[in-house]
Amino acid sequence: MNAASQQLDKIPVTRLKGVGAALEKKLNSIGIATLQDLLFHLPFRYEDRSRVASIGSIAAGDTVQVQGEVMNADIQFGRRRSLRCTIKDNSGFLTLRFFHFSNAQKSSLAVGSQIRCYGEVRRGRSGLEIFHPEYRVVRDNEEVVVDNCLTAIYPATEGLGQARLRSIANQALAYLPAKDNAQQLEGSALQEFLPPQIIQKFHLHSLIDAIRLIHRPPLETPLSWLSEGKNPGQHRLSFEELLAHRLCMRRFKSDSQQQPAPNFADSPELLRRFLAQLPFTLTNGQQRAYKEISEDLARACPMLRLLQGDVGSGKTVVAALSALQAIAAGYQVALMAPTELLAEQHYANFCQWFEPLDINVGWLSGKTKGKHRVEQLGSVADGSCQLLVGTHALFQDEVIYKKLGLIIIDEQHRFGVHQRLALREKANQHALNPHQLVMTATPIPRTLAMSAYADLDNSIIDELPPGRIPVNTAIISNDRRDQVMQRIEQACKENSQAYWVCTLIEESEALECQAAEVTAEQLAQQLPEIKVGLIHGRMKPQEKAQIMQRFKQGDLQLLVATTVIEVGVDVPNASLMVIENPERLGLAQLHQLRGRVGRGSTHSHCILLYQNPLSNAGKQRLSVMRESTDGFYIAEKDLELRGPGQVLGTQQTGLMSFKVADISRDADLLDQVKEASEIVLEQYPEIVDPLIKRWLGDNENYANV
Ligand code: ADP
Ligand code: MG
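Just remember that my numbering sits 25 ahead of the position in the sequence shown, which is counted from 1.
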């Protein structure tokens, strides 16, 4: 085949032998329309079918390939109808069992014919059996040929089997030019974009080799290489994909740095007055982070900075300092939080901090209605509102800022990456290119920071304010609930306070609130001497604020809450937290919750009250919480145990769902990818577009989702 004229991304799959309209439709349903799509439809595991085992030698648990003569094939009418077929070779008998089968299938298993089958052996009713083996009938006189490479297993779909996928993948692979002829693909979508310098420096295979290696790895390749990312073909493709993503993020960054932004000189006098009214001095970590931000704000291109710090490290004060710098220069600041409760806390805090400095602080949420809303929007539009605090309502179209200079986004992990980029787009509509400061609730693992946040600069507060005592964490089974009650009683007797957190049931906020109501009632009955309060996400903001106020004042001793208290709530006298069914939550979220205690000067405790039985994975995860109170460590573990999609909360939105790469598995590639991206940007800018197009396609425009 002459590949020179072949645009593999233009050739439809119907060009392949055996692909008619019906099969084309099935292939389309899994995103395969062209030969190129087929070549990028990668296997997720391999099987070794390089030899045929003798039936006498196999044992339950083995995955084997065997060949034998059909002795019988009958339909059995048991609890479930099944097709049972017995085969034999010269060493023994084996039963094949099919629960889904067609008449054609039954007749193909004619007595006396030879079949080759592959599958996992188990012990069944009639000795050794294979359920639903992959099989084919071997024609008379056909030699026993075995595969000469590992057999790829592809993501498939109903009615589209492995054998079929492999056969058409083989045909597509035949379109690839021979190794020494890769320039034949010049100008086609499978062109080698990476320059030799990068291929050599990072010991990569060529694109064509990589695709061959990944579809048809040689027999000596260990089966586990794919899952470990050690298949050199996969390594090359992961590298290229991560590079494309990084270049895309870098493009966002450099595009935005081309834009003009207002620059704010620092304002020592206002700062001094603010710091003077704080009951503490800044930690070194806070000072360093603010210095970095302050320098950015003084530049005439927009800041894009991520502020990381563990729970309780004092990010809010740093945000306040940054806001002051913008306000002193005559600009407005928008501070956005992911939940109403957290936004309200910020509002209360900032009012208390800023009003003595004669700064006008405003409030806006989706629930701000009527006259209030009109007034608030008016003061934002005329510039009299200098700091606007609220939820994502801050960026609805009708909110027009007179002179927005800085956007602060708190608890970034609650917002997807897309939302962040979309927000930036919106902010830019006002033609002011405000600076952006993004704060995380808990630290982000380094690998994620390097990929999902590659468009942001990074500041880290690496210490907690002095005097914090680490929270002691216990993992206790629900069977010992009584003991936990006693602990609560005792804590309250000692004039301390406690939280009882009910976790999400099946992602339903309504059910979670219900569970909290029931629990609060039960606890009130079981602990008659203790004043029990309840707070959840379905209560009106006023009710919530009132309950929080009473808890803060000590009128309530035990606060039953849903995960709404996860962020922001600050009651230093609370020293005990019980988290029910902690196995339902991610580690970062647990860490965040636990951060609500240990804010005062006494020893604090957190009880993870799990539901028996707990899976091994669950045990492992919870024990991380017992071992450590270091958010940076916990974040790394969370990523390791749950994967990046869950940690970032963007499974559906796609940015972090890679085709080939896997951030945890390929973590050690990221430094190289970073280096390569600098080389590309400096020396080969012409390949940036094609790479992004190959791997991100039309998704490139994240901001428009
Ligand atoms: P987070 O980083 O989790 O958002 P906050 O900004 O809510 O943390 O701060 C947590 C608590 O620590 C607050 O009560 C805050 O007033 C207090 N705090 C912040 N900085 C300091 C400091 N330098 N010294 C003592 N306490 C501090
Ligand atoms: Mg905070």
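Using N, Cα and C, we set each Cβ at its ideal position, and we do this for glycine too.
Residue i versus residue j: straight-line alpha-carbon distance, rounded
i: Asp595; j: Gln578; result: 12 Å
i: His230; j: Ile236; result: 10 Å
i: Phe644; j: Asp383; result: A small fix is needed here, since residue 644 is Lys in this sequence, not Phe. Spanning the two alpha carbons is a distance of roughly 52 Å.
i: Glu183; j: Pro68; result: 17 Å
i: Thr341; j: Tyr524; result: 23 Å
i: Leu489; j: Asn483; result: 18 Å
i: Tyr658; j: Lys699; result: 23 Å
i: Gly611; j: Lys427; result: 40 Å
i: Ala549; j: Gly558; result: 9 Å
i: Cys410; j: Leu367; result: 20 Å
i: Val38; j: Gln421; result: 45 Å
i: Thr393; j: Arg313; result: 37 Å
i: Leu121; j: Gln139; result: 13 Å
i: Ala46; j: Lys35; result: 17 Å
i: Thr787; j: Ile432; result: No information on residue 787 is available, as it lies outside the stretch 26 to 730 that the chain covers here.
i: Tyr143; j: Val685; result: 27 Å
i: Ile572; j: Val585; result: 11 Å
i: Tyr179; j: Gln539; result: 44 Å
i: Leu389; j: Leu429; result: 15 Å
i: Ile55; j: Trp250; result: 25 Å
Check: residue i C-beta below 6 Å from any heavy atom of ligand 1
i: Val622; result: no
i: Gly337; result: yes
i: Pro490; result: yes
i: Asp487; result: no
i: Phe576; result: no
i: Leu331; result: no
i: Leu346; result: no
i: Gln34; result: It is Asp, not Gln, that sits at residue 34 in the sequence shown. Asp34: no, Cβ never under 6 Å from ligand 1.
i: Lys316; result: no
i: Thr341; result: yes
i: Phe657; result: no
i: Thr308; result: yes
i: Phe305; result: yes
i: Gly334; result: yes
i: Asp595; result: yes
Residue i burial status per 10 Å Cβ neighbour count (16 or more: buried)
i: Val243; result: Sequence check: residue 243 is Pro here, not Val. With fewer than 16 Cβ atoms within 10 Å of its Cβ, Pro243 is classed as exposed.
i: His270; result: buried
i: Glu72; result: buried
i: Pro381; result: exposed
i: Thr59; result: buried
i: Thr654; result: buried
i: Ala199; result: exposed
i: Gln676; result: With a pLDDT of 38 at Gln676, under the threshold of 50, the predicted position of this residue should be treated as unreliable, and no value is reported.
i: Thr306; result: exposed
i: Asn256; result: buried
i: Glu245; result: exposed
i: Gly722; result: exposed
i: Arg104; result: exposed
Proximity test, residue i beta-carbon vs ligand 2 heavy atom, cut-off 6 Å
i: Lys51; result: no
i: Lys556; result: no
In chain order, which alpha helix (DSSP H) runs of at least 4 residues are fully inside the segment 288-344? 293-302 and 309-322
Any 3 or more C-beta pairs closer than 8 Å across the segment 513-524 and the segment 344-364: no
Is there contact between the segment 492-500 and the segment 382-398, where contact requires at least three CB pairs shorter than 8 Å? Too few Cβ pairs lie closer than 8 Å, so no.
Assess, as a yes-or-no matter, whether the segment 347-359 is touched by the segment 505-514 under the definition of 3 or more beta carbon pairs within less than 8 Å. no
Are there three or more Cβ pairs, one per stretch, closer than 8 Å when the segment 456-465 is compared with the segment 283-290? yes
Taking only runs that begin and end inside the segment 37-79, name each unbroken alpha helix (DSSP H) of 4 or more residues, in chain order. 46-54 and 60-64
Quick check: the segment 142-161 against the segment 49-59, are at least 3 beta-carbon pairs closer than 8 Å? no
Going residue by residue through the segment 119-158, where are the continuous beta strand (DSSP E) segments of at least 3 residues, counting only ones entirely within it? Taking only runs of at least 3 residues, the beta strand (DSSP E) segments lying wholly in the segment 119-158 are 139-149 and 152-156.
Could you tell me whether the segment 216-228 touches the segment 84-92, using the rule of 3 or more Cβ pairs below 8 Å? no
Where in the segment 348-426 do unbroken runs of the beta strand (DSSP E), each at least 3 residues long, occur, reported from the N-terminal end onward? 357-361, 386-389 and 412-415
What are the start and end residues of each continuous alpha helix (DSSP H) run of 4 or more residues lying completely inside the segment 600-666, in chain order? 612-619 and 641-652
Contact between the segment 598-606 and the segment 397-404: three or more CB pairs below 8 Å? By the criterion of at least three beta-carbon pairs nearer than 8 Å, the segment 598-606 is not in contact with the segment 397-404.
Give a yes or no on contact between the segment 249-267 and the segment 290-306, applying the rule of three or more CB pairs nearer than 8 Å. no
In chain order, what are the residue ranges of uninterrupted alpha helix (DSSP H) at least 4 long that sit wholly in the segment 211-268? 221-226, 232-240 and 250-253
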